[in-house]
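Inspection log for the structure reproduced underneath, given as structure tokens.
2 protein chains.
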Amino acid sequence: MDRHDIALIGFGGVNRAFAQIVHDRGERLADELGFALRIVAITDLRLGSVMQSDGIDLAAVFAMQADDTFAGWRGGAAVPQNDYVIRHTTADIVVEATFTNPLDGEPGISHVRTALESGKSVVTTNKGPVALASGELNRIAATHGVFFAYEGSVMSGTPVLRFAAETLKGLRVTEVQGILNGTSNYVLGRMENGLSLDAAVAEAQQLGYAEADPTADIGGSDVQLKVVILANEILGADITPADVTCEGIVGVTPEDIARAAAEGARWKLIGSARRDETGAVVASVRPVALAATHPLAGVSGATNAVSFDTDLLGTVTVSGPGAGRVETAYALLSDIIAIDAAQHAPIEVGS
Amino acid sequence: MDRHDIALIGFGGVNRAFAQIVHDRGERLADELGFALRIVAITDLRLGSVMQSDGIDLAAVFAMQADDTFAGWRGGAAVPQNDYVIRHTTADIVVEATFTNPLDGEPGISHVRTALESGKSVVTTNKGPVALASGELNRIAATHGVFFAYEGSVMSGTPVLRFAAETLKGLRVTEVQGILNGTSNYVLGRMENGLSLDAAVAEAQQLGYAEADPTADIGGSDVQLKVVILANEILGADITPADVTCEGIVGVTPEDIARAAAEGARWKLIGSARRDETGAVVASVRPVALAATHPLAGVSGATNAVSFDTDLLGTVTVSGPGAGRVETAYALLSDIIAIDAAQHAPIEVGS
Numbered sequence: 005m006d007r008h009d010i011a012l013i014g015f016g017g018v019n020r021a022f023a024q025i026v027h028d029r030g031e032r033l034a035d036e037l038g039f040a041l042r043i044v045a046i047t048d049l050r051l052g053s054v055m056q057s058d059g060i061d062l063a064a065v066f067a068m069q070a071d072d073t074f075a076g077w078r079g080g081a082a083v084p085q086n087d088y089v090i091r092h093t094t095a096d097i098v099v100e101a102t103f104t105n106p107l108d109g110e111p112g113i114s115h116v117r118t119a120l121e122s123g124k125s126v127v128t129t130n131k132g133p134v135a136l137a138s139g140e141l142n143r144i145a146a147t148h149g150v151f152f153a154y155e156g157s158v159m160s161g162t163p164v165l166r167f168a169a170e171t172l173k174g175l176r177v178t179e180v181q182g183i184l185n186g187t188s189n190y191v192l193g194r195m196e197n198g199l200s201l202d203a204a205v206a207e208a209q210q211l212g213y214a215e216a217d218p219t220a221d222i223g224g225s226d227v228q229l230k231v232v233i234l235a236n237e238i239l240g241a242d243i244t245p246a247d248v249t250c251e252g253i254v255g256v257t258p259e260d261i262a263r264a265a266a267e268g269a270r271w272k273l274i275g276s277a278r279r280d281e282t283g284a285v286v287a288s289v290r291p292v293a294l295a296a297t298h299p300l301a302g303v304s305g306a307t308n309a310v311s312f313d314t315d316l317l318g319t320v321t322v323s324g325p326g327a328g329r330v331e332t333a334y335a336l337l338s339d340i341i342a343i344d345a346a347q348h349a350p351i352e353v354g355s
Numbered sequence: 005m006d007r008h009d010i011a012l013i014g015f016g017g018v019n020r021a022f023a024q025i026v027h028d029r030g031e032r033l034a035d036e037l038g039f040a041l042r043i044v045a046i047t048d049l050r051l052g053s054v055m056q057s058d059g060i061d062l063a064a065v066f067a068m069q070a071d072d073t074f075a076g077w078r079g080g081a082a083v084p085q086n087d088y089v090i091r092h093t094t095a096d097i098v099v100e101a102t103f104t105n106p107l108d109g110e111p112g113i114s115h116v117r118t119a120l121e122s123g124k125s126v127v128t129t130n131k132g133p134v135a136l137a138s139g140e141l142n143r144i145a146a147t148h149g150v151f152f153a154y155e156g157s158v159m160s161g162t163p164v165l166r167f168a169a170e171t172l173k174g175l176r177v178t179e180v181q182g183i184l185n186g187t188s189n190y191v192l193g194r195m196e197n198g199l200s201l202d203a204a205v206a207e208a209q210q211l212g213y214a215e216a217d218p219t220a221d222i223g224g225s226d227v228q229l230k231v232v233i234l235a236n237e238i239l240g241a242d243i244t245p246a247d248v249t250c251e252g253i254v255g256v257t258p259e260d261i262a263r264a265a266a267e268g269a270r271w272k273l274i275g276s277a278r279r280d281e282t283g284a285v286v287a288s289v290r291p292v293a294l295a296a297t298h299p300l301a302g303v304s305g306a307t308n309a310v311s312f313d314t315d316l317l318g319t320v321t322v323s324g325p326g327a328g329r330v331e332t333a334y335a336l337l338s339d340i341i342a343i344d345a346a347q348h349a350p351i352e353v354g355s
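Those sequence lines, one after another, are chains A and D.
Sequence positions in the first sequence follow the numbering used here and run 5 to 355.
Sequence positions in the second sequence follow the numbering used here and run 5 to 355.
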């Protein structure tokens, strides 16, 4: 049976959930997918690094205690050695899931570049490297005959890039618009129930939706990066975050919410990109009061959704979770499945 | 360049819209898809039949007047000759779009069977043949090394079978539930605005959503066939319409609607299929009062939607048009695109 050997760069919640899927379901997935998965390298800021070309004992990894590191393990070290591992791992696919700065995309971009240049395919859910450098990274991948896939960079495991690429073939997509930040959507929903912005944010933090610093969520910069990805991948644009006008939900008042509700409308933080009459791409993030009949108006709680306006089919919408460790880990699995399929057939992946 | 030669069986609204797409966009699509489309046969109850292996002049077809037939055309006749055309056409793909009886699936089933047995792939949006005979017809297709594809049999051009097959790989789908009849959904929405069932149905008829005889729409039998297709395709079941308990919206009263609205809930006609604890498939069509946070509660007007409950990703939902000539014609195009891809790679289509 075919097999993919995997290196995990970063071992936070998402890669840990991915390893758990491989551990718990690897055999069933192999039966179903026609290939096995084996983890041959792990690096982590806290745990250090380990490379074992015959496969790492995941049960032993999950059993590690708070202060344990990979020091003393065969092929192990107390420090992460990300660059060394990416270059020298026997893995054919590198999973990049480090904490990456969304402003400069590092260290994610460097990790992805190094992996691709050393002939390994890369999957990631890090939006920074995709939003800021997908053009360069895809060219490097093509040059080296490997693949770069990043379905999870927009809505975690909910298919959006692959939805467009695989199920909307032959259509011309004229506009994409989405609810792409679960925290903002949750907060706006709670404001409809009468909470203040601050109280709703505090509640979202208690529930684990919002970060300790919710600026990127409610200020719109998280959505801004996702709009760049959607515009570049789905509309064939070549834009950067600076090309996306950005306004978060901090200016939405209880009065705005009440006025909309009286008309049956709902405020949503909408990220959108469309081609205008000249063919130029216009992209923005801003709060919009949507009529109840709008396909995104009914998207509740922390759910995310993207609507595609098309020439022959009108508007189609996909919705689902936009976050969550297991849900995001599934995005990694879905990318690996796509890479395996692409290696067996002369078709493109991830675009 | 590769080319697919197409025979159109039936020339009502959907196949006419498909021919229009080929006529208007064939060159652009060929650039994009890597294959050309050519119509080489048309049969129609009213127009008769024509076979021209070098391609039919579609502009001449569109210019035909009310009483014109294909009599006198090269390869033409005043009568449809469906069976003869299906057997003898030079087409490699037959598009089946006749008026087919949903109770016995005829003449669609016979048309599909004949085409597959004569070594031609078939695409259809006729739900009867798919719901009643997909097992047999898929076996015949496999035996003859051709393809049978029917994305449009559930939600016209909105991807649902291909959504599951292409974008949910590696997931276990435990339940599918959908809003699968635009007329019923429109009627329930208008009842929320205070109309009676009869008044809302009359309005739906005026708008062209509902048939002159709306029994299949509001009685649930249209959804029943679609549930059979979803259960068999997505849950791997082998059920028939008799296995799907069926209750339409005729029993939903204004009082039911008002009571639900007071609780923030909305009545929807839900077709669903799930595997129970024993692994058996339980399938039904029935009106359900959905909480406002349910992913199908916000699906408005004549829009259709299907939610998939999965093991790793939770619930994902796709929504879009469930009818319309152009939208349904796109389903045919999407099936042809999938067949072309399948012919270039050893992967399955339509399942």
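Idealized CB from N, CA, C, for every residue including glycine.
Quick caveat, the model's predicted, so the values are computed rather than measured.
DSSP three-state label for Asp-87 (chain D), please. helix
So, at 6 Å on beta carbons, what are the nonlocal neighbours of Ala-204 (chain D) in its own chain, with the 5 sequence-adjacent residues on each side left out? Val-191, Arg-194, Met-195
With distances taken from CA atoms, which of A:Gly-275, A:Asn-142, A:Pro-245, A:Ala-293 is nearest Ala-1 (chain A)? What the structure shows of chain A is the stretch from 5 to 355, and residue 1 (chain A) is not part of that stretch, so it cannot be assessed.
Check for me: the alpha helix (DSSP H) holding Gln-69 (chain D) runs from which residue to which? Gln-69 (chain D) -> no alpha helix (DSSP H), and no H or E assigned at all.
Does the stretch 151–162 of chain D come within contact of the stretch 335–345 of chain D, defined as at least 3 CB pairs closer than 8 Å? yes
Taking Cβ positions only, does Leu-33 (chain D) come closer than 8 Å to chain A? yes
Is there a C-beta anywhere in chain A that falls below 8 Å from the one on Ala-203 (chain D)? no
Identity of the residues DSSP links to Ile-253 (chain D) by a beta bridge: Note: Ile-253 (chain D) sits in no beta bridge, so no partner.
Since Leu-184 (chain A) contacts Gly-275 (chain A) with CB under 8 Å, what's their CB separation in whole angstroms? 5 Å
Does the beta carbon of Val-322 (chain A) sit closer than 8 Å to a beta carbon anywhere in chain D? yes
Beta-carbon proximity check, Gly-182 (chain D) vs Ser-311 (chain D), cutoff 8 Å: yes
Quick one, which residues of the stretch 12–45 of chain D are near chain A if we go by CB-CB under 8 Å, in chain order? Ile-25, Leu-33, Glu-36, Leu-37
Tell me which residues of the stretch 160–171 of chain D have at least one Cβ-Cβ distance to chain A shorter than 8 Å, keeping chain order. Gly-161, Thr-162, Pro-163, Arg-166, Phe-167, Glu-170, Thr-171
Looking at the unbroken beta strand (DSSP E) that takes in His-8 (chain D), where does it start and where does it end? 6–13
Please state whether the Cβ-Cβ distance between Leu-41 (chain A) and Gly-52 (chain A) is less than 8 Å. no
Could you please tell me which residues of the stretch 254–274 of chain D, in chain order, have their CB closer than 8 Å to any CB of chain A? none
Near-chain D residues of the stretch 143–156 of chain A (beta-carbon distance less than 8 Å), N- to C-terminal order: none
Would Phe-74 (chain A) and Ala-64 (chain A) be called neighbours here (beta carbons separated by less than 8 Å)? no
Terminal residues of the continuous alpha helix (DSSP H) containing Leu-141 (chain A)? 131–147
Skipping 5 residues on each side, what residues in its chain have a beta carbon closer than 8 Å to that of Thr-118 (chain A)? Asp-87, Ile-90, Arg-91
Contact between the stretch 221–240 of chain A and the stretch 161–172 of chain A is defined here as three or more beta-carbon pairs at a separation below 8 Å; is this criterion met? yes
Limits of the alpha helix (DSSP H) - the one that Ala-188 (chain A) falls within: Note that residue 188 (chain A) is Ser in the sequence shown here, rather than Ala. Unbroken alpha helix (DSSP H) run through Ser-188 (chain A): 186–196.
With 8 Å as the C-beta to C-beta threshold (strictly closer), list the residues of the stretch 294–306 of chain A near chain D in chain order. Ala-296, Thr-297, Pro-299, Ala-301, Gly-302, Val-303, Ser-304, Gly-305
Compare the beta carbon distance of Val-99 (chain D) and Ala-11 (chain D) with 8 Å and say whether it is the shorter of the two. yes
List, in chain order, every chain A residue whose beta-carbon is nearer than 8 Å to that of Gly-174 (chain D). Leu-33, Glu-36, Leu-37, Tyr-334, Leu-337, Ser-338, Ile-341
Val-164 (chain D), enclosing alpha helix (DSSP H) - first and last residue: From DSSP, Val-164 (chain D) is part of no alpha helix (DSSP H); its letter is neither H nor E.
Which residues in chain A sit within 9 Å of Pro-245 (chain D), going by Cβ to Cβ distance? Residues of chain A passing the Cβ test: none, with the nearest at roughly 27 Å.
Locate the beta strand (DSSP E) running through Gly-22 (chain A), then write down its first and last residues. It should be pointed out that residue 22 (chain A) corresponds to Phe in this sequence rather than to Gly. Per DSSP, Phe-22 (chain A) belongs to no beta strand (DSSP E); it is in the alpha helix (DSSP H), 17–37.
Segment limits, beta strand (DSSP E) that includes Thr-219 (chain A): Looking at the DSSP string, Thr-219 (chain A) is not in any beta strand (DSSP E); the run it does join, the alpha helix (DSSP H), is 219–222.
By DSSP's criteria, Val-177 (chain A) is part of a beta bridge. Which residues make up the other side? A:Thr-314
When the distance is taken between beta carbons, is Ala-277 (chain A) closer than 8 Å to Val-285 (chain A)? yes
Ala-101 (chain D) to Ala-169 (chain D), Cα distance in whole Å? 24 Å
Name, please, each residue of chain A whose Cβ falls closer than 7 Å to the Cβ of Thr-319 (chain D). Gly-324
Does the distance from the CB of Glu-331 (chain D) to the CB of Gly-161 (chain D) come in under 8 Å? yes
Could you tell me the alpha carbon to alpha carbon distance between Ala-220 (chain D) and Gly-212 (chain D), rounded to whole angstroms? 15 Å
Step through the CB atoms of chain A and report whether any lies within less than 8 Å of the CB of Glu-196 (chain D). no
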